[in-house]
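Working notes, structure below.
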Amino acid sequence: MVSAMENAVNAKSHLPVFQYFKNIYLLVVSILEGMAVTMSYLFRRPITIQYPYKMEESIDTVLPPQFRGILEVDLPYCIACLRCANTCPIDCIAIDLEKNAETKERFITRFDIDISKCMFCGLCVEGCSTGAIHHTKIFSGTSHYIENLVLEFVDTPVRPFKKPKSMEDIPFDKSGKIAKNKLKDFFSPPEFVIDHRKGEKYTRRVR
Amino acid sequence: MKELADRLFLMIFNIEPANSPYLALWYALIIFLASFILLNFAALFAGITSFVERRIAARIQSRIGPNLVGPQGIIQWLADGIKLFLKEDLVPKDADKILFRFAPYFVFTGLFGAFVALPFGYGIIAADLNIGIYYILAFTSLVVLGIIMGGWSSNSKWALFGALRSAAQIISYEIPTGLSLMIVIMLAGSLSTQSIIMAQGGWPWEWFVFHSPFTLVGFFIFFTSSLAEGNRVPFDLPEAESELVSGYNTEYSGLRFLIFPMAEWANMWVVGALVTLTYLGGWQVPGVSLEAIQSSLLLILIGIAIFCIKSLAVVFIIIQLRWTLPRVRVDQMAFVCWTYFVPISLLSLIGTMIWMLIFPWETIIGTVIRIVMFGIGAGVTIWYLLRIRYNYITDKPRFERFKEAPQWYPPWKMP
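Protein chains in written order, with this note's numbering: chain A, 2 to 208; chain B, 621 to 1035.
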């Protein structure tokens, strides 16, 4: 329609009469073509996922594997290279290392991630050589106090991990259990499970 | 309406109406009832259409639309209305307060007054005015008054821009609307809406659209310029969201704001009904003569259903056009009106006059031409349906490869 009108305003044809009727033809045909496209969409499947009301499978399987949720640290596999803390653009990762004066052993005494600051850019995850710091699929929830959003992963000081030769034997735990345990006073939205009484598609709220 | 009131009076009280002293009271009651029903019909239609339009728009854009308020979201429109009822009714500090408060009433009256002369079936009309079409055209012109009042008085540049655009648009599109209605008035020989329907027939080749090529052109011009008069997309320049904030109703809030969109959606029924009654045969039942319809209640009800289906089909096309076409520019709007619609509608008016002289309605050659015209219309419709099928089939393999689900999901299947 627009092109027909543009032609009408800036007529370049040598025969204005011919152009006049051509414009009318283009107007009618292009409107009909456009309506045929929109009409065909009425018979196509909508691509909306109705989270959390109607889910064909649980949200963890719907989310892609590269999804960037809340960060978590699998502390036993941390080599304390500080690469994640140094690469973080907004300094939301704080790591403290202490050296035992007698045994000359190093200990990780603090590994805090402030998820209220984190912008989920994923630079720390890219830098990590063992995959100790990684994204989970947790993305929803609130907390009453902003201090509770600082996740402290160190309970007792731990030794840094010695990197094995092959990376195959590192058991990655990406289920998000560690982060879930650390989230104090964290209100998740109501949980929904698939309701088998109504059919595979419908979900029911867990009370 | 008067005969119906008299007959009801005789039926209920068993007194000859002319002898009764309470006749004026009875007429007042009937008028009140009729206006009550019409007003409720218009308001309910506007509300429900707002919901249906949002669902259709969502499906066109591969979404689902409002589906949380009530089962499948069917009372979403009620929730929206109640929410706007409860909002504060603000009047800007520097606004012309009296005009600002009055403007929505003009819009309201202008659109809802048109419902008086709109028929629904044989004898089902609030007032069968002998100047029905003229009355509707004159009364809906009140809307532009309300829009200019609202835009001027709210002391905002966006509202003023919207109002000025609306004035330019509605006034220029009155001319093709009137001219293309003249074709129908000439063919029917009457301005009354019921007489125009009675002059047509039930079968498609007895409608005025397929009378001649000129009436076919007149039909499209009338439909398009009605859209422009009702400020619908692609002619929604007065309330262009991307350019003016919301156009002439920018400064309104609460119930006063509600009236503007409500009138706009009610106007869709006015456009649908007007197109149906002038060009698409109205409530005529195929294969049934006018005398048979008069005598049977069942046939009147079937006629009402036919009229509603035709009007709703036109309303659906209006909705679909809104989600298909982009908005035209101001210069394009004026250009299309003055260089295309006005001369072509004048030409088709004169052409129809000549056609009526050469090929009268009842003669064999007239009938053959009408059937040929119907064939052309049906051919365009079939081509349109094939294009829909082509668009659907072209995208099918790609969709099913990526989504791993069948693409077929018809509109009656609720997500």
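C-beta atoms are modelled at their ideal positions from N, C-alpha and C, and glycine is treated no differently. All values derive from a computational prediction rather than experimental measurement.
Contact of Tyr-642 of chain B with chain A is not assigned, every C-beta pair being separated by 8 Å or more. The contact set of Leu-27 of chain A on chain B, defined by CB atoms closer than 9 Å, is empty, because the minimum CB distance reaches about 12 Å.
Cβ proximity to chain A below 9 Å picks out Ile-937, Gln-940, Leu-941, Trp-943, Thr-944, Leu-945, Pro-946, Val-948, Arg-949 from the segment 920 to 949 of chain B. Straight across, the Cα-Cα distance linking Phe-112 of chain A with Ala-678 of chain B is about 47 Å.
CA-to-CA, the gap between Val-711 of chain B and Ile-816 of chain B works out to about 45 Å. Scanning its chain for C-beta atoms nearer than 6 Å, with the 5 sequence neighbours on each side dropped, one finds around Trp-889 of chain B the residues Phe-665, in chain order. Taking 8 Å as the Cβ-Cβ cut-off, the segment 1018 to 1035 of chain B approaches chain A at Phe-1019, Lys-1023, Ala-1025, Pro-1026, Gln-1027, Trp-1028, Tyr-1029, Pro-1030, Pro-1031, Pro-1035, given in chain order. Check the Cα spacing between Gly-902 of chain B and each of B:Thr-813, B:Asn-775, B:His-831: the tightest is with B:Thr-813. For Arg-107 of chain A, the enclosing beta strand (DSSP E) stretches over residues 107 to 115. Rounded to the nearest angstrom, the gap between the Cα atoms of Asp-709 of chain B and Ala-747 of chain B is 35 Å.
For chain A, the residues of the segment 959 to 985 of chain B that bring a beta carbon within less than 9 Å of one of its beta carbons are Thr-959, Tyr-960, Ile-964, in chain order. In this model, Ser-792 of chain B and Trp-958 of chain B are separated by some 8 Å (Cα to Cα).
Listed by position along chain A, the residues whose Cβ is nearer than 7 Å to that of Arg-675 of chain B form an empty set, because the closest Cβ is around 10 Å away. Three or more pairs of CB atoms, one per stretch, sit closer than 8 Å, so the segment 727 to 746 of chain B contacts the segment 764 to 775 of chain B. Remark: C-beta atoms of Thr-88 of chain A and Gly-123 of chain A do not approach each other more closely than 8 Å.
Chain-ordered listing is empty here: chain B has no CB closer than 7 Å to the CB of Pro-65 of chain A, the nearest sitting near 13 Å. For Arg-675 of chain B against Gly-667 of chain B, the beta-carbon gap comes to about 13 Å, at or over 8 Å, which does not count as contact. In the DSSP assignment, no residue is bridged to Lys-1016 of chain B. If you draw a straight line from the Cα of Ala-779 of chain B to the Cα of Ala-954 of chain B, it is about 20 Å long. Pairing Val-891 of chain B with Ile-938 of chain B gives a Cβ-Cβ distance under 8 Å.
The contact set of Gln-51 of chain A on chain B, defined by CB atoms closer than 9 Å, consists of Ile-684, Asn-687, Pro-1035 in chain order. The CB of Val-38 of chain A comes closer than 7 Å to the CB of Asn-1011 in chain B, given here in chain order. Against chain B, the CB of Ile-48 of chain A has a partner CB under 8 Å away; the residue lies at that interface. By the criterion of a C-beta distance shorter than 7 Å, Gly-741 of chain B is surrounded in its chain by Trp-903, Ile-920, Gly-923, Ile-924, Phe-927, once the five residues flanking it on both sides are discounted. DSSP places Val-711 of chain B outside both helix and strand once states are collapsed to three, so it counts as coil. If you draw a straight line from the Cα of Cys-79 of chain A to the Cα of Cys-85 of chain A, it is about 11 Å long. For the segment 993 to 1004 of chain B, the residues whose beta carbon sits under 7 Å from a beta carbon of chain A are, in order, Tyr-1004. The beta-bridge partner set that DSSP reports for Lys-100 of chain A consists of A:Arg-107. In this structure, B:Asn-660 is the residue among B:Val-672, B:Leu-799, B:Asn-660 with its C-alpha nearest to the C-alpha of Val-736 of chain B.
The segment 854 to 861 of chain B and the segment 782 to 790 of chain B touch, with three or more beta-carbon pairs separated by less than 8 Å. Counting the other CB atoms within 10 Å of its CB gives Met-993 of chain B a total of 16 or more, which places it among the buried residues. Per the C-alpha coordinates, the member of B:Leu-645, B:Thr-835, B:Gln-914, B:Tyr-1012 positioned closest to Ser-965 of chain B is B:Thr-835. The segment 688 to 734 of chain B is shown to contain whole alpha helix (DSSP H) runs of 4 or more residues at 696 to 706, 717 to 732, in chain order. Within chain B, the C-beta atoms nearer than 7 Å to that of Ser-41 of chain A come from Ile-1008, Asn-1011, Tyr-1012, in chain order. Using a Cβ-Cβ cut-off of 8 Å, Ile-32 of chain A counts as an interface residue toward chain B, since at least one Cβ of chain B sits closer than that to its own. Partner residues in the beta bridge of Val-159 of chain A, as assigned by DSSP, are A:Ile-109.
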